[in-house]
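Heads up, the thing below is written out as C-alpha cells.
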Amino acid sequence: FALGQTIDEHLLEEIEAALIEADMGVKPVGRLMEELRRACQSGEVTDAAGVKGHLKARLKERFKGRKLELNMSPTPPTVIMVAGVNGSGKTTSIAKLGYMFAREGKQVLLAAGDTFRAAAVEQLEIWAGRIGAQIIKHQTGADPSAVAYDALEAAVARGVDVVIVDTAGRLHTKQNLMSELGKMKKVLSKRIEHAPHEVLLVLDATTGQNAISQARLFKEAVDITGIFLAKLDGTAKGGVVLGMQDEIKIPVKFVGLGEKAEDIQRFDPEGFIDALFD
Amino acid sequence: SITKSLETVFDRLRGKGRLTRENIQEGLREVRTALLEADVNYKVVKDLIQRVTEKAVGEEVLQSVTPGQQVIKIIYDELVGLMGPVGQPLTFQEGNPTVIMLVGLHGCGKTTTAAKLAKLALSKGRKPLLVAADVQRPAAVEQLKILGKQLGIPVYSENGGQPPLLCEKAVEHAIKNGQNTIVLDTAGRLHIDEELMSELREIKERTKPHVILFVCDAMTGQDAVNSAKEFNSQLEFDGAILTKLDGDTRGGAALSVKAVTGKPIRYVGVGEKLEMLEEFYPDRMASRILG
Ligand SMILES: Nc1nc2c(ncn2[C@@H]2O[C@H](COP(=O)(O)OP(=O)(O)OP(=O)(O)O)[C@@H](O)[C@H]2O)c(=O)[nH]1
Ligand SMILES: Nc1nc2c(ncn2[C@@H]2O[C@H](COP(=O)(O)OP(=O)(O)OP(=O)(O)O)[C@@H](O)[C@H]2O)c(=O)[nH]1
Ligand SMILES: [Mg+2]
Ligand SMILES: [Mg+2]
C-alpha cells in the first residue's frame, strides 16, 4: 500500500483483499474493515499510513497479556501430546520441539504413538537419533494408548524431563479416530496427574477456513492448549489462526519454518501480524 | 446452506417489486461470502461473480417467480463449467512404458497417491513400478516400500543418489524388467524453492513423463493459486489430484487450481486406504463448494 495517499475505497478494497488472501476469513475481515471505516469517519484515522497502523494495532491488542509459553510441569516429566490432520507436520514438529529441549540440556523421550501409517515409527526413530532423544515404540498395529502409557512409565523410571507423544494423522470428522485420541489423553492423565500438560494441534499454514473446524473438533476431543503452525516458510500466511480467535481461543505457541530440526520459532504475534500486510 | 440463504435474500428482494441489477448484486454478496468461506481464491471469486452478474441480470431471472433458484442454477452451472470436464481417467501408452510423475507441496499425499495410482494401473492390467524418488524425508523410501509390498508392486529405490539420475535409471530398469507404468514419487517441496523446483525440471527432462500430476491438499486456502501457478509454470503439469476430500473441507482449492492453471482435476483422494481414489466429478464438487 502506498503511504501518504488519502483514504479511498480503492485502498480499503486492496487491504480487504490482502487480508482475505492471507486466509483471515471473509467475515472476520469484514468486521475488521467495518471498525476501520468507523475510525475513518470519526477522524481517528486520517491517511493511508494510519489505516495500516490502525489495523495492525487492532490485531495486536488481541494478544495483550496472552500466555504463549508451553505449560511445563513443576516436576518432570512434562508430557506433550501432539495431534492434527494427516500430513500437517506433526512428526517433524515433534523433532523440532525435542531438539529445542535437548539444546536446553533436557532429557527428551519421544513416544511413537502413530502405530498405523507406513513407516511412521521409522520416521520418528530417525528423528530421535538425530536430536539425541530416547524413543519408545511398539510394533505396527499396536494400541497407541499402550505406547503412550509405556512412554510415561519409561520417562518416570529414567528421570526424563520431557515426553512428546506423536499420534497418527486423522481427519477431525472421523468420530472413532477422535475418540481414540480422547482415550490416549485419559490414559496419560491416569498414569501422571495433570498429564498431558500440553496438547498441541499442528496446523499446516497453507490450510484455509477448514482450520476452524479442525481446531473446534480437536479441542472438543482433547482440549487443545496450543497451536503449532507448521510450514510458515511457504507463501501462505496462516491468517486463519487470527480469524478463528473470535470463535475458538487457542494460542499459537510455535511456528515451523522449514524441514530441519532447528526450523522452529516461538510464536511472535507482532511479527506475524506485520507479515500479513507485506 | 447457500441455497437457503440465497432463496431468502431473493424472495425478500422480489417483494420490493421488480428485480434490478442492483438488488441482484446485493444477493450475489451472499454468494461471494460463501465462496470465500469455501476457500475459493479472492480473484477467482471476483471474476466469477462478475460473470454470474452478467448472466443473472437477464430477463429470465428478473421475470421469474423463484429468482433465488434461477441465480443458484446460474452459479452452479458456472462452477461446473469452470471445473469441468469430468475427470478423464489416466490413459496408458500402448506397448511403451507410461511415466507418471507426482509433484506437490509437503504432506499433500503424494506418496499415498503414488501407491493408489499404481494399484489402479495394476487393476487395469498394467505392470506398475513405484519409484522412491524422495531421498530426503526420513523413512520416505521405507514408506513407499511398505505400500508397494502391501500391493505386491515392485519399488525402485537406491541407497543415496540424486533424484533426477535415480528416476532416469528407474525408467531403464522398468524397460529391462517389463514394467510398463512407472510412478515417480517425488519429495514435497515449496514452489518458491528454486533449487528443488529446478530438480523437478531435471527429472522431467530425463524421464519425459507422459503425465505430470500436481497433488494438492483439498483443505488448502487462498495459497492454492500460488503453488499451483508456479508448479504449472515450471512443469506444465497435465492435471491435478485433490486429496483428503473425505474431510469436511468445502474444497474451493479445486476451483482455484483449475481457474489459474486451466488444467483439469483428474482424481480425488477420499481416504488413507489405497483403494480410496475416485474420478473427479465437477458437479459433485460444485455442490460441495456451494455448501
Ligand atoms: N517447509 C516445511 N515443511 C515442513 C514443515 N513441517 C513439516 N514439513 C514437511 O511436511 C511433510 C509432512 O511432515 P510430517 O511431520 O510427516 O507430517 P505428519 O503430520 O506427521 O504426517 P502424518 O503422520 O502422515 O499425518 C514432511 O515433508 C516435512 O518435512 C515446515 O515447517 N516447513
Ligand atoms: N484422510 C486422508 N488422508 C490421506 C489422503 N491421502 C493421503 N492421506 C494421508 O496424508 C498423510 C500424508 O500423506 P503422504 O503420502 O505421506 O504425503 P506426501 O505428499 O508424500 O508427503 P511428503 O512426501 O512429506 O511431502 C498420510 O497420513 C496419509 O495417509 C486422503 O485422501 N484422505
Ligand atoms: Mg506423522
Ligand atoms: Mg511423500
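Protein sequences, first through last, are from chains B and A. This note's numbering puts the first residue of the first sequence at 1, with every later residue one more than the last. This note's numbering puts the first residue of the second sequence at 1001, with every later residue one more than the last. Built from N, CA and C at the ideal position, the CB exists for glycine as well.
Cβ neighbours of residue 1199 of chain A in the same chain (closer than 7 Å, five flanking residues each side left out): The answer, listed in chain order, is 1163, 1164.
First and last residue of the uninterrupted beta strand (DSSP E) at residue 1128 of chain A: Element bounds for residue 1128 of chain A: 1128–1132.
Return the chain-ordered list of same chain residues with a C-beta closer than 7 Å to the C-beta of residue 1221 of chain A, the five sequence neighbours on each side being excluded. Exclusion of the five residues before and after residue 1221 of chain A leaves 1039 as the residues of its chain whose Cβ lies within less than 7 Å of its Cβ.
8 Å Cβ cutoff met for residue 232 of chain B and residue 205 of chain B: Taking 8 Å as the Cβ cut-off, residue 232 of chain B and residue 205 of chain B qualify as a contacting pair.
Beta-carbon of residue 176 of chain B versus every beta-carbon of chain A: anything under 8 Å? No, its Cβ sits nowhere closer than 8 Å to a Cβ of chain A.
Between the stretch 1141–1150 of chain A and the stretch 1048–1058 of chain A, do at least 3 Cβ pairs fall closer than 8 Å? Result no; under three Cβ-Cβ pairs closer than 8 Å.
Please check the pair residue 1133 of chain A and residue 1184 of chain A, which I expect to be a contact at CB under 8 Å, by giving their CB distance rounded to whole angstroms. Going by Cβ atoms, the distance from residue 1133 of chain A to residue 1184 of chain A rounds to 5 Å, so yes, they are a contact pair.
In this structure, does DSSP put residue 1266 of chain A in helix, strand or coil? In this structure, residue 1266 of chain A counts as strand in the three-state DSSP scheme.
Examine chain A for any beta-carbon lying closer than 8 Å to the beta-carbon of residue 2 of chain B, and answer yes or no. Here residue 2 of chain B scores only 47 on pLDDT, less than 50, and its place in the model should not be relied on; the value that follows carries that caveat. With 8 Å as the cut-off, residue 2 of chain B does not count as an interface residue toward chain A.
Identify, in the order they occur along the chain, each residue of the same chain with its Cβ nearer than 7 Å to the Cβ of residue 62 of chain B, setting aside the five sequence neighbours on each side. Excluding sequence neighbours, residue 62 of chain B sits near 245.
Which same chain residues end up closer than 7 Å to residue 207 of chain B when comparing Cβ atoms and leaving out the 5 residues on each side of it in sequence? Sequence-distant partners of residue 207 of chain B (beyond 5 residues in either direction) whose C-beta falls short of 7 Å from its own C-beta, in its chain, are 240.
For the beta strand (DSSP E) holding residue 264 of chain B, just list the boundary residues, first then last. It spans 264–266 - the beta strand (DSSP E) in which residue 264 of chain B sits, taken as one unbroken run.
Residue 13 of chain B, DSSP secondary structure in three states: DSSP places residue 13 of chain B in helix when its eight states are reduced to three.
Option nearest residue 25 of chain B by Cα separation, candidates B:242, B:248, B:273: Looking at the Cα atoms, B:242 is the closest of the given residues.
Three-state secondary structure assigned by DSSP to residue 1213 of chain A: Here residue 1213 of chain A sits in strand by DSSP.
Whose CA, out of A:1086, A:1105, A:1029, A:1092, lies closest to the CA of residue 1068 of chain A? Of the listed residues, the one whose Cα sits closest to residue 1068 of chain A is A:1029.
Contacts that residue 286 of chain B makes with chain A (C-beta to C-beta distance below 8 Å): Beyond the ends of chain B as shown, which are 1 and 278, falls residue 286 of chain B; an answer cannot be given.
Would you identify the three-state DSSP class for residue 1289 of chain A, choosing helix, strand or coil? The three-state secondary structure of residue 1289 of chain A, taken from DSSP, is helix.
Using 7 Å as the cut-off, classify the Cβ of residue 86 of chain B as near or not near the heavy atoms of ligand 6, replying yes or no. Ligand 6 is not part of this structure, which contains only ligand 1, ligand 2, ligand 3 and ligand 4.
Since residue 226 of chain B is in the beta strand (DSSP E), which residue starts that stretch and which ends it? Residue 226 of chain B -> beta strand (DSSP E) spans 226–230.
The alpha helix (DSSP H) that contains residue 253 of chain B, what's its start and end? Unbroken run through residue 253 of chain B is the beta strand (DSSP E), 252–256; no alpha helix (DSSP H).
Specify the secondary structure class of residue 140 of chain B as computed by DSSP and reduced to three states. Here residue 140 of chain B sits in coil by DSSP.
Can you grab the Cα-Cα spacing for the pair residue 12 of chain B / residue 33 of chain B, in whole Å? Here the C-alpha atom of residue 12 of chain B lies approximately 8 Å from the C-alpha atom of residue 33 of chain B.
How would you label residue 278 of chain B, buried or exposed, when you count the other beta carbons within 10 angstroms and need 16 or more for buried? So residue 278 of chain B ends up on the exposed side.
Verify the contact flag: residue 1110 of chain A, CB atom, against every heavy atom of ligand 4, threshold strictly below 7 Å. Residue 1110 of chain A: yes, Cβ under 7 Å from ligand 4.
Please tell me whether, using a cut-off of 7 Å, the distance from the CB of residue 1106 of chain A to the nearest non-hydrogen atom of ligand 2 is below it. Flag set: Cβ of residue 1106 of chain A near ligand 2.
Contact with chain A by residue 231 of chain B, beta-carbon distance below 8 Å: With 8 Å as the cut-off, residue 231 of chain B counts as an interface residue toward chain A.
Any beta carbon from chain A within less than 8 Å of residue 71 of chain B's own beta carbon? No, because no Cβ of chain A sits closer than 8 Å to the Cβ of residue 71 of chain B.
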